[in-house]
Amino acid sequence: MAFLKILEQTRQIINSYLTKNNITDINFTVEPSKPGFGDITCNIAFLLAKKLQKNPHDISQEIVEFCSKELGNYIQSITAHPAGHINFELDFTNFSKSILEESQSPNYCDMNIGNSKKIIVEHTSVNPNKALHIGHVRNIVIGDIITRILKKVNYDVQVLNYVDDSGLQVADLIIGFKYCGFSEESPNNEKFDHYCGDTVYVGTTEKYTNDKDLESKRHEVLKSIEDVNTETSKFAQKITRKVLNAQLKTVWNLGVTYDCLNFESQIIHSRLWENIFSKLKSENLVKLEKVGKNEGCWVISSKNEDDKILVRSNGVATYIAKDIPYAAWKLGIINDPFNYKIFTTQENNQTLYETTLDEHDTDISKLNFSGDKVITVIDNRQIRLQKIVTDLMRRFTGSDSYVHLGYESVTLSSNTASILGLEATDKSVQMSGRKGFYVDADLILGNLHDKIYNESKNRNSGLNDSELNSIAKSVSVGTIRYEMIKPDLDKIITFDLETSLKIEGDTCSYIQYSYARAMRILEKSNDLTTSVDFSNFTSQFEINLIKKIAMYDIQVTDAAKNLSPKVIARYCYDLAVAFSSFYEHVMVLNAESDELIKSRLLLVHSFSLTLSNALSLLGIDSPSRM
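Okay, here's the thing in C-alpha cells:
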C-alpha cells in the first residue's frame with residue numbers, strides 16, 4: 022500500500038461525506054501534510070465554505086464527525102484543525118507493514134500511467150564536428166532520465182538522435198581536410214571528435230578571416246555535400262560517422278543509449294518536405310499571400326503573432342521549414358520513406374539503427390519510430406521555432422502530441438574560464454565550439470574519475486584496482502548526471518570545474534554514500550526477514566524514514582506527469598537525508614532486542630532498495646563501497 026493508494030482511500034472517505042450531502046463538482050486535494058497537520062491533510066472545508074455559507078472550521082468538524090466511523094485499516098484518526106484543514110493520522114503499524122513489505126519487490130511503485138502508449142523521445146542532436154561539451158551533457162542527461170521515468174510508468178519509449186550531417190559545421194571540416202592541410206587521421210591517437218573540434222574546426226574557422234577564397238570554397242563544399250552522389254558528399258559521410266562514433270563513446274560512458282539515428286542529409290533527400298508541404302496546403306494550414314509585404318510567400322497564419330513565412334516568394338524554404346517534416350514523421354502524420362540498417366551494437370548490447378534511403382543497403386526493411394506523442398529535448402534558445410512546430414503539430418493532430426522540453430544553457434564560471442586560459446570579464450562565460458572554448462565532457466569525467474579513485478583508495482586500502490575503478494566510474498558519472506538535473510530546467514547552470522569535483526553537500530556522492538552505509542550494515546548481518554513486529558517503529562527517525570520510502574510513488578507520478586527529472590533528484594536527496602538522521606540516532610545491530618534488530622534491518626533494507634530504484638531512474642549506480 023504505497024502512499025498514492027492511501028491518499029486515494031482517504032479521498033474516498035471524504036467523498037462518502039460529499040455523496041451523502043449531494044455535493045458534486047468539488048476538486049479538493051488530499052496530500053501528505055506538513056509538520057503539525059497530521060500525516061495527510063485535506064482542503065475540502067475551505068472549498069465548501071463559500072458554497073455552504075459556513076465557517077471552514079465548522080465544516081471540517083462536521084466532516085470529521087461523519088467520517089470518523091469509516092477510516093479503514095490505514096487511518097488511525099481524523100481531526101479538524103482550527104484553521105479549517107482536515108488532518109488524518111496514520112495507523113503506523115499497518116502503514117509500516119504495508120510499505121516495508123511492498124518495498125522489497127524489485128517492481129516497487131511500478132505504475133501503469135502510460136498504458137503502453139508509444140512515446141518518442143528525441144535528444145542530443147549534436148553537430149558531428151566536435152566532442153561533446155558540458156552543455157551537450159545536460160541535454161543528453163535530461164533526455165535519458167525522462168526516458169527512464171516514462172518507462173517506469175509503462176510508456177513504450179523509443180529514443181532518437183537527430184544528426185545534422187549537412188550543415189556549415191560539416192562543410193568547415195571538409196574545408197579543413199581538403200584545403201587547409203589537416204590530416205584525416207588524428208595525431209597521437211587523439212580521440213577523433215576532439216581532434217576535429219579542437220584542431221580542424223577551430224583552425225579552419227580562423228583561416229576564413231585571412232583567406233577570402235577559402236570562404237567561397239566553403240559555399241561550394243556546402244552545395245556539394247547536399248548532392249549524395251558527389252565525392253565530397255561521400256567524404257563528408259565518412260568523416261561525420263567517424264566523429265559520431267567517437268561521440269557515442271562519451272554518451273555510452275554516461276550510461277545513455279538510443280534506438281535510432283536520423284541523419285539530416287537523408288531527411289532532405291527523402292521528400293518528406295514535399296509531402297508535408299502538400300499536406301499543409303491541402304488542409305489549409307498554410308496560405309499563399311497575394312498582396313502586402315509577404316506577397317508570393319507561403320505563410321503559417323497566427324492569431325496572436327505575425328504570420329510566419331514558410332516558403333519565400335523565390336521558392337526557397339525558410340529555416341522554420343526544416344523541423345516541420347521531421348516532426349510530422351515522428352508523429353506518423355506522413356508516410357515513412359526510410360528503410361533501416363544497423364549502425365552499431367551499443368555497450369549494453371542494444372542494437373542502434375540508422376535510417377537509409379537505399380533499399381538495397383538495409384538489414385531490416387521497416388521499423389516504426391513514430392509515436393502517439395513526441396518529446397523533443399532542445400535548449401530554450403530555439404523556443405520560438407519549437408513553438409511554431411508545436412502549434413502546427415497540434416493543428417494536425419488536434420492534441421498536445423508534440424512537446425518541446427526546453428532547458429537553459431550551461432555556462433562556465435569565471436574561475437573555470439580562467440583555468441582554460443579564457444578572458445572572463447563577467448561572472449560566467451558562454452561556451453562556444455567555434456571559438457574553441459568549452460568544458461569537454463570527457464575531460465570532466467576523467468578529472469572526476471581520478472579524484473574519486475584516489476579518495477576511495479585512501480579510504481579503502483583493501484580494494485583492488487578493478488574495484489576502485491568501478492567505484493570511480495559510478496560516482497563520476499553519477500556526479501555529472503546529478504549536477505545537470507539538480508536545478509530546475511529553466512535555470513542556467515554556471516558550471517565550475519573545481520566545485521563540481523567536491524563530494525560534500527547536496528551532491529550525488531552524498532546520496533551514494535548513504536546507500537553504501539546501509540549496505541555495510543546489511544553485510545554484517547544475515548538475519549534479514551519480513552516477519553517482524555512492525556509496532557517496534559516508534560522513534561521519529563524511523564517514522565520519517567518510512568514515510569520517505571512510502572513517498573516514492575508520489576514522486577515518480579509527479580516526475581512523469583510534469584516531465585521533471587529534478588523531482589526524482591530531490592527525492593533521492595531527501596531520502597538520503599532521512600536515512601542519515603536515522604543512522605546517526607538509531608542503533609541497528611546493537612539495538613536492545615533481537616526483534617528490534619530484525620525490524621530495523623528490514624527498514625535499512627527497504628531504504629537501500631528504494632534508493633537504488635530511484636537512483637536507477639536518474640541513470641546513477643548504487644555502489645556498495647565508496
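Just so you know, our numbering puts 481 at position 460 of the sequence shown, and the rest follows in order with no gaps.
Idealized CB from N, CA, C, for every residue including glycine.
- prompt: Are there three or more Cβ pairs, one per stretch, closer than 8 Å when the segment 162–177 is compared with the segment 208–223?
  reply: Two segments are said to touch when three or more pairs of C-beta atoms, one from each, lie closer than 8 Å; by this definition the segment 162–177 does not touch the segment 208–223.
- prompt: Quick one: is Arg502 buried, meaning 16 or more other Cβ sit within 10 Å of its Cβ, or exposed?
  reply: The count along the sequence shown starts at 1 and reaches residue 502 at position 481. Burial state of Arg502 is buried, judged by a 10 Å Cβ sphere holding 16 or more other Cβ atoms.
task: State the Cα-Cα distance for the pair Tyr474 and Ser552, rounded to the nearest angstrom.
output: On the sequence shown, residue 474 is found 453 positions in, with the first residue counted as 1. On the sequence shown, residue 552 is found 531 positions in, with the first residue counted as 1. If I take the Cα positions, the gap works out to 40 Å.
message: For Thr631, tell me which candidate among Ser620, Ser643, Arg621 has the shortest Cα-Cα distance.
response: Taking the first residue of the sequence shown as 1, we reach residue 631 at position 610. The candidate whose alpha carbon is nearest that of Thr631 is Ser643.
query: Straight-line CA distance for Gln403 to Phe628?
result: Position 382 of the sequence shown, counting from 1, holds the residue named residue 403. Position 607 of the sequence shown, counting from 1, holds the residue named residue 628. Distance between the alpha carbons of Gln403 and Phe628 is about 41 Å.
field: Which residues DSSP lists as bridging Val277, in chain order
entry: Along the sequence shown, one-based indexing puts residue 277 at 256. According to DSSP, Val277 bridges with nothing at all.
query: Are the CB atoms of Phe109 and Ile120 nearer to each other than 8 Å?
result: Along the sequence shown, read from residue 1 onward, the residue named residue 109 stands at position 88. Along the sequence shown, read from residue 1 onward, the residue named residue 120 stands at position 99. Going by C-beta atoms, Phe109 is not nearer than 8 Å to Ile120.
- prompt: So does the segment 358–377 actually touch the segment 275–288, counting three or more Cβ pairs closer than 8 Å?
  reply: Counting Cβ pairs under 8 Å, three or more are found: they touch.
- prompt: Using the C-alpha atoms, what's the distance from Ala438 back to Lys139?
  reply: In the sequence shown, the residue the question calls residue 139 occupies position 118. In the sequence shown, the residue the question calls residue 438 occupies position 417. Cα atoms of Lys139 and Ala438: separation of roughly 43 Å, rounded to the nearest angstrom.
query: Arg646 to Leu636, Cα distance in whole Å?
result: Within the sequence shown, residue 646 is the residue found at index 625, counting from 1. Within the sequence shown, residue 636 is the residue found at index 615, counting from 1. Straight across, the Cα-Cα distance linking Arg646 with Leu636 is about 16 Å.
field: Helix, strand or coil at Asn4 [DSSP, three-state]
entry: Given that the chain is displayed from residue 22 to residue 647, the structure contains no residue 4 and the question cannot be resolved.
field: Three-way DSSP call (helix, strand, coil) for Gln407 in this model
entry: Translated into positions along the sequence shown, residue 407 becomes position 386. In the structure shown, Gln407 adopts helical secondary structure according to DSSP, grouped into three states.
message: Within a Cβ cutoff of 6 Å, which residues of the same chain sit near Phe87, ignoring the five residues on either side of it in sequence?
response: As a first step, residue 87 must be located in the sequence shown, where it is residue number 66. Scanning its chain for C-beta atoms nearer than 6 Å, with the 5 sequence neighbours on each side dropped, one finds around Phe87 the residues Tyr38, in chain order.
query: Does His144 come within less than 8 Å of chain C when only Cβ atoms are used?
result: As a matter of chain content, chain C is missing from the structure shown, which is built from one protein chain.
field: Spatial distance of Glu504 from Thr520 (CA atoms)
entry: Taking the sequence shown and counting its residues from 1, one reaches residue 504 at position 483. Taking the sequence shown and counting its residues from 1, one reaches residue 520 at position 499. The straight-line gap from Cα to Cα measures roughly 11 Å.
task: Go ahead and pull the three-state DSSP assignment for Cys318.
output: Reading the sequence shown from its first residue, position 297 is the one you call residue 318. In this structure, Cys318 counts as coil in the three-state DSSP scheme.
- prompt: Just the Cα atoms here: how many angstroms apart are Phe58 and Ile166?
  reply: Counting from 1 along the sequence shown, the entry for residue 58 is found at position 37. Counting from 1 along the sequence shown, the entry for residue 166 is found at position 145. So the alpha carbons of these two residues sit roughly 34 Å apart.
task: Pull up the DSSP beta-bridge partners for Tyr183, would you.
output: On the sequence shown, residue 183 is found 162 positions in, with the first residue counted as 1. Under the DSSP definition of a beta bridge, Tyr183 partners with Asn283.
- prompt: Which ranges would you report for the beta strand (DSSP E) in the segment 57–125 if only whole runs of at least 3 residues count?
  reply: Fully enclosed beta strand (DSSP E) runs of 3 or longer: 61–63, 96–101, 107–111.
query: Does DSSP put Ser637 in a helix, a strand or coil?
result: Mapped onto the sequence shown, residue 637 falls at position 616. Here DSSP, grouped into helix, strand and coil, assigns Ser637 to helix.
message: Please tell me whether Leu406 and Ile341 are closer than 8 Å, where the distance is taken between their beta carbons.
response: As a first step, residue 406 must be located in the sequence shown, where it is residue number 385. As a first step, residue 341 must be located in the sequence shown, where it is residue number 320. Closer than 8 Å, so yes.
field: When Ser614, Val588, Val577 are compared against Gly135, the one with the closest alpha-carbon
entry: The residue given as residue 135 occupies position 114 in the sequence shown. The shortest Cα separation from Gly135 among Ser614, Val588, Val577 belongs to Val577.
- prompt: DSSP state of Pro149, grouped into three classes?
  reply: By 1-based counting over the sequence shown, the position of residue 149 is 128. Residue state for Pro149 is assigned as coil, using DSSP reduced to three classes.
message: Using CA atoms only, rank isn't needed, just tell me which of Lys619, Ala581, Ala599, Thr383 is closest to Tyr176.
response: Taking the sequence shown and counting its residues from 1, one reaches residue 176 at position 155. Tyr176 has its Cα closest to that of Ala581, out of Lys619, Ala581, Ala599, Thr383.
- prompt: Given a threshold of 16 other Cβ atoms within 10 Å of its Cβ, counted over all protein chains shown, does Met572 qualify as buried or as exposed?
  reply: Start at 1 with the first residue of the sequence shown, and residue 572 comes out as number 551. Around the beta carbon of Met572, a 10 Å sphere encloses 16 or more other beta carbons of the protein chains shown; the residue is thus reported as buried.
field: the segment 193–200 in contact with the segment 229–247 per 3-pair CB rule at 8 Å
entry: Per the Cβ contact rule, the segment 193–200 is in contact with the segment 229–247 (3 or more Cβ pairs under 8 Å).
message: Between the segment 24–32 and the segment 557–574, can you find at least three pairs of beta-carbon atoms closer than 8 Å?
response: Taking one beta carbon from each stretch, the segment 557–574 and the segment 24–32 have 3 or more pairs nearer than 8 Å; the two touch.
query: How many angstroms separate the CA atom of Gly218 from the CA atom of Lys300?
result: Numbered from 1 along the sequence shown, position 197 holds the residue referred to as residue 218. Numbered from 1 along the sequence shown, position 279 holds the residue referred to as residue 300. Those two C-alpha atoms are separated by around 40 Å.
- request: Give the C-beta separation of Ile589 and Leu639 to the nearest angstrom, bearing in mind that I take them to be a contact with Cβ-Cβ under 8 Å.
  value: Counted from its first residue, the sequence shown places residue 589 at position 568. Counted from its first residue, the sequence shown places residue 639 at position 618. With a Cβ gap of about 6 Å, Ile589 and Leu639 count as contacting.
task: For Lys494, count neighbouring C-beta atoms within 10 Å of its own C-beta (all shown protein chains included) and say buried if the count is 16 or more, exposed if not.
output: In the sequence shown, counting from the first residue as 1, residue 494 sits at position 473. Buried.
query: Hey, which unbroken runs of the alpha helix (DSSP H) at 4 residues or more fall wholly within the segment 488–539?
result: Under the rule that a run must span 4 or more residues, the alpha helix (DSSP H) segments found entirely inside the segment 488–539 read 518–521.
message: Please report the straight-line C-alpha distance between Pro149 and Phe256, rounded to a whole angstrom.
response: Taking the first residue of the sequence shown as position 1, residue 149 is located at position 128. Taking the first residue of the sequence shown as position 1, residue 256 is located at position 235. Computed Cα separation, rounded: 14 Å.
- prompt: Any idea what DSSP makes of His154, helix, strand or coil?
  reply: Here residue 154 corresponds to residue number 133 of the sequence shown, with the count starting at 1. Assigned with DSSP and collapsed to three states, His154 falls in strand.
message: Tell me the DSSP secondary structure of Val249 in three-state form.
response: Stepping through the sequence shown from its first residue, residue 249 is reached at position 228. It is coil, neither helix nor strand.
task: Examine the Cβ distances between the segment 382–394 and the segment 303–321 and report whether three or more of them are shorter than 8 Å.
output: No: fewer than three Cβ pairs fall under 8 Å.
DSSP three-state assignment for Asp232, whether helix, strand or coil: Numbered from 1 along the sequence shown, position 211 holds the residue referred to as residue 232. In the structure shown, Asp232 sits in coil (DSSP, three-state: anything other than H, G, I, E or B).
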